[in-house]
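K.L.:
The opening residue of the sequence shown carries number 42 in our numbering; numbering runs sequentially from there.
Beta carbons are placed, not taken as given, at the ideal position from N, Cα and C, and that holds for glycine.
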Amino acid sequence: MNPRKDLITIDSLSDEDIRTILESTSAMKDIFTKSVKKVPALKGKSVLTLFYEPSTRTRSSFEVAANRLSADVTTFTVSTSSVVKGESVHDTIDTLMSMKMDYIIVRHKNSGIPAVIARHCKASVINAGDGAHAHPSQAFLDAFTIKEKYGEVGGKRVVIIGDILHSRVARSTSTILRRLGAEVAYMGPGPLVPQEKHTGIPRFTNWEQVFQWKPDVIYLLRVQNERMDTPFFPRGDYHQAFGITEERLRRIDDLNLSIMHPGPVNRGVEICDAAMDYRNTLINNQVENGIAARMSILYHLTPQTQNND
Numbered sequence: 042m043n044p045r046k047d048l049i050t051i052d053s054l055s056d057e058d059i060r061t062i063l064e065s066t067s068a069m070k071d072i073f074t075k076s077v078k079k080v081p082a083l084k085g086k087s088v089l090t091l092f093y094e095p096s097t098r099t100r101s102s103f104e105v106a107a108n109r110l111s112a113d114v115t116t117f118t119v120s121t122s123s124v125v126k127g128e129s130v131h132d133t134i135d136t137l138m139s140m141k142m143d144y145i146i147v148r149h150k151n152s153g154i155p156a157v158i159a160r161h162c163k164a165s166v167i168n169a170g171d172g173a174h175a176h177p178s179q180a181f182l183d184a185f186t187i188k189e190k191y192g193e194v195g196g197k198r199v200v201i202i203g204d205i206l207h208s209r210v211a212r213s214t215s216t217i218l219r220r221l222g223a224e225v226a227y228m229g230p231g232p233l234v235p236q237e238k239h240t241g242i243p244r245f246t247n248w249e250q251v252f253q254w255k256p257d258v259i260y261l262l263r264v265q266n267e268r269m270d271t272p273f274f275p276r277g278d279y280h281q282a283f284g285i286t287e288e289r290l291r292r293i294d295d296l297n298l299s300i301m302h303p304g305p306v307n308r309g310v311e312i313c314d315a316a317m318d319y320r321n322t323l324i325n326n327q328v329e330n331g332i333a334a335r336m337s338i339l340y341h342l343t344p345q346t347q348n349n350d
């Protein structure tokens, strides 16, 4: 793997990059079994989390990952910073870089902001989600979770169900899975699923088509009402049309399929309560693997040398 400063999208990575980070994720997860769950790989390095949008899983996962690599972690709280007073992204970055950070982990509601930050600073920038554009660290933990479950990603079939149009997870995860040789399909409300001619990815309109396709993994997405002018579906209507109901869960069980979800889960919308305790639900595995995948990403990025004058 050639030295790489930033992680902005999956498309920016070579096949070697993807394989190396995934292989290293397994080694990072082995650290979890040790009595001291910490290694000095990033000792002396500084990591800043810069989240312009709310996050629990991604932010805490990156912070735990950095701590386990012995990095110093600083949380930049946007809601109490000068950003709320109108400070521009560029001015914020100038302020942050005066702190000599080695890594900046960015989430922003607007697509492209992490790439802008990466071009203007020496720190390694990791895109933790930008608008509906990309979420590369989620893609790595998803791919690793499937690899861990089945031994390989290539040849597996994954159907991603829900609001594809507004989902950075769908874009990044479908990209990495296809790069690794998996087949991917989409299903959801018609206006929220891009046409196959634009994506090259088959689209289904109902569960019967999904089951006939014989997937290995059912990957559910949250309907992102915050990215819509008005909610697209009442909760109950969406659940009956596209969610995992108890009846569908019985069929999923009969077919021995796995269930995944990037979180947070909306119970009674995309998934019924019983599905959370289903034997092949991998949602908790995704959370655990998120720490290992993000440790691997941090470990393999190479910040430019900071000027300490």
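Leaving out the 5 sequence neighbours to the left and right, which residues in its chain are closer than 8 angstroms to residue 44 when beta-carbon positions are compared?
P.N.:
Once the five neighbours on either side are set aside, the close Cβ partners of residue 44 are 343.
K.L.:
Can you tell me whether residue 270 is helix, strand or coil according to DSSP?
P.N.:
Annotation note: pLDDT 46 at residue 270 (below 50); position unreliable, no value reported.
K.L.:
Alpha carbons only, please: which of 42, 162, 325 and 241 is nearest the one belonging to residue 224?
P.N.:
241
K.L.:
Would you decide whether residue 232 is buried or exposed? Buried here means 16 or more other CB atoms lie within 10 Å of its CB.
P.N.:
exposed
K.L.:
Can you say whether residue 131 is buried or exposed, counting buried as having 16 or more other CB atoms within 10 angstroms of its CB?
P.N.:
Exposed: under 16 other Cβ atoms inside 10 Å.
K.L.:
Would you mind working out which of 252, 326 and 327 sits nearest residue 295, comparing C-alpha positions?
P.N.:
Out of 252, 326 and 327, 252 has the C-alpha closest to the C-alpha of residue 295.
K.L.:
Rounded to the nearest angstrom, what separates residue 76 and residue 222 at their Cα positions?
P.N.:
36 angstroms
K.L.:
Please state whether DSSP places residue 288 in a helix, a strand or coil.
P.N.:
helix
K.L.:
What residue range is occupied by the uninterrupted alpha helix (DSSP H) comprising residue 109?
P.N.:
98–109
K.L.:
Quick check on this structure: which residue in 329, 340, 341 and 345 has the alpha carbon closest to the alpha carbon of residue 99?
P.N.:
329
K.L.:
Could you give the residue range of the alpha helix (DSSP H) that holds residue 331?
P.N.:
324–341
K.L.:
Can you find the residues in the same chain that come closer than 6 angstroms, C-beta to C-beta, to residue 183, ignoring five residues on each side of it along the sequence?
P.N.:
214
K.L.:
Between which two residues does the beta strand (DSSP E) carrying residue 148 extend?
P.N.:
144–149
K.L.:
Near residue 332, which residues of its chain fall below 6 angstroms by C-beta distance, leaving aside the five closest residues on each side in sequence?
P.N.:
Excluding sequence neighbours, residue 332 sits near 102, 105 and 106.
K.L.:
Quick check: the Cα distance between residue 121 and residue 155, rounded to an integer number of angstroms?
P.N.:
At residue 121 the pLDDT is 49, less than 50, meaning the model places this residue with poor confidence; the figure from the coordinates comes in the next sentence. Inter-residue distance for residue 121 and residue 155 is about 20 angstroms (C-alpha atoms, whole angstroms).
K.L.:
So the alpha helix (DSSP H) residue 220 belongs to, where does it begin and stop?
P.N.:
209–220
K.L.:
Per DSSP, residue 301 forms a beta bridge with which residues?
P.N.:
260
K.L.:
For residue 118, list the residues DSSP reports as bridge partners.
P.N.:
92
K.L.:
Taking the alpha-carbon of residue 256 as reference, which of 118, 316 and 226 has the nearest alpha-carbon?
P.N.:
226
K.L.:
For the beta strand (DSSP E) containing residue 227, name the first residue and the last one.
P.N.:
224–228
K.L.:
In the structure shown, what three-state DSSP assignment does residue 198 receive?
P.N.:
strand
K.L.:
Could you spell out where the beta strand (DSSP E) holding residue 165 opens and where it closes?
P.N.:
165–171
K.L.:
Among the residues of its own chain, which have a CB less than 7 angstroms from the CB of residue 322, if the five just before and after it don't count?
P.N.:
300 and 316
K.L.:
Here's the rule I'm using: 16 or more other beta-carbon atoms within 10 Å means buried, otherwise exposed. How should residue 117 be labelled?
P.N.:
buried
K.L.:
Report the option in 193, 235 and 192 whose CA atom is closest to the CA atom of residue 202.
P.N.:
235
K.L.:
Beta-carbon within less than 8 angstroms of residue 94's beta-carbon, same chain only, minus the 5 sequence neighbours each way: which residues are those?
P.N.:
148, 149, 150 and 170
K.L.:
Ignore the nearest five residues each way along the sequence and tell me which others in residue 57's own chain have a CB closer than 7 angstroms to its CB.
P.N.:
42
K.L.:
Can you find the residues in the same chain that come closer than 8 angstroms, C-beta to C-beta, to residue 289, ignoring five residues on each side of it along the sequence?
P.N.:
248
K.L.:
How is residue 233 classed by DSSP in three states: helix, strand or coil?
P.N.:
helix
K.L.:
Which residue marks the beginning of the alpha helix (DSSP H) containing residue 204, and which one marks its end?
P.N.:
It is not in any alpha helix (DSSP H) - residue 204 carries neither H nor E in the DSSP assignment.
K.L.:
Within its chain, find whatever has a CB closer than 6 angstroms to the CB of residue 340; leave out the 5 residues flanking it on each side and keep chain order.
P.N.:
82
K.L.:
Can you tell me the Cα-Cα spacing of residue 87 and residue 237, whole angstroms?
P.N.:
43 angstroms
K.L.:
Measure the beta-carbon distance from residue 89 to residue 49 and round it to whole angstroms, keeping in mind my assumption that it falls under 8 angstroms.
P.N.:
Between residue 49 and residue 89 the Cβ distance is about 16 angstroms, and since that is not below 8 angstroms, they are no contact.
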